[in-house]
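Okay, so here's the structure we're looking at.
Right, dumping it as structure tokens:
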């Protein structure tokens, strides 16, 4: 896990989540995938099934159900419930901690303009809960990343819609140097051309915006030097578009490096997250893979 985890899907399930009260909650379609390092097989979608198996057809996947209010008001705190079950619909009681949490919930708008990294609280009987905000109308996708006890990392893709008039996304900005409040972030790539399926090192160089000096106050975030999520621009967003990379351990002062690969050609958005003296910096960039 020190190198990287490619978001490679082994199998999927498509489930219509049954809410407790149809007047208060709405069903959400879900894809569930298992993740494994260096595995390069493609996914196969199975609709209206209650379980799915891994590539060797010996291990059933879990399934997740998302419950949200039927009416979501933009910029209002909304309660989110996620139920994780086995392929027979039985709640999974135990989860392994990874990167200091039981679940990492990545929430993005489908146009990739909005990003939020949440950590739901585990209550009991396979249920997690968290509050989330949706900044504007449009489609949203959750990537729910978790590890049932004794199993490999799995990702469930959950979707919801916020009604209203959506705002057009701005043009893609390929600039490799940006400033986020008091921190300047420069992104460098080990290869001049990023090729799909080929390993590259992404090097984030963080400087104090006031003097351009390398940061000396970086601290671990979720047990590592930094956190990186990568998503390929696609409609709809799928688990094979998702890459969760892990930071390399030994890097120069003020730098955080990630080794990863981009599964297929396309435009990808990156969100690097870093802990500067207790304040989380989220630095977003675009990359083309050919």
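Numbering (my numbering), first residue to last: 5 to 294.
Even glycine gets a Cβ: it sits at the ideal position worked out from N, Cα and C.
Check                                                                                                     : Outcome
Rounded separation between residue 217 and residue 113 - CA only                                          : 34 Å
Which listed residue (152, 156, 96, 78) has its alpha carbon closest to that of residue 118               : 78
Residue 118 CB to nearest heavy atom of the ligand COA below 7 Å                                          : Within the structure as shown, the ligand COA is missing, as the structure has no ligands at all.
Rounded separation between residue 62 and residue 75 - CA only                                            : For residue 62, the predicted structure reports a pLDDT of 36, less than 50, and the residue's modelled location is therefore unreliable. The matter cannot be settled from this model.
Complete runs of the beta strand (DSSP E) confined to the segment 155-236 [at least 3 residues]           : 158-166, 181-184, 187-193, 204-212, 231-236
Simplified DSSP assignment, three categories, for residue 244                                             : helix
Cβ-Cβ separation, residue 183 to residue 153 (assumed contact under 8 Å), whole Å                         : Contact flag wrong, Cβ pair sits at about 43 Å.
Own chain residues within Cβ distance below 6 Å of residue 143, not counting five before or after         : 114, 165
Pair within 8 Å by beta-carbon distance, residue 210 and residue 222                                      : yes
Residue 134 vs residue 96 beta-carbon contact at 8 Å                                                      : no
Neighbourhood of residue 103 by C-beta, 6 Å cutoff - its chain only, sequence neighbours within 5 removed : 226, 227
DSSP-derived helix/strand/coil call for residue 71                                                        : strand
Assigned exposure category for residue 235 - 16 Cβ within 10 Å defines buried                             : buried
Three CB pairs or more closer than 8 Å across the segment 120-136 and the segment 160-180                 : no
Whether residue 70 touches residue 86 by CB criterion (8 Å)                                               : yes
Terminal residues of the beta strand (DSSP E) in which residue 95 lies                                    : Here residue 95 belongs to no beta strand (DSSP E), and DSSP marks it neither H nor E.
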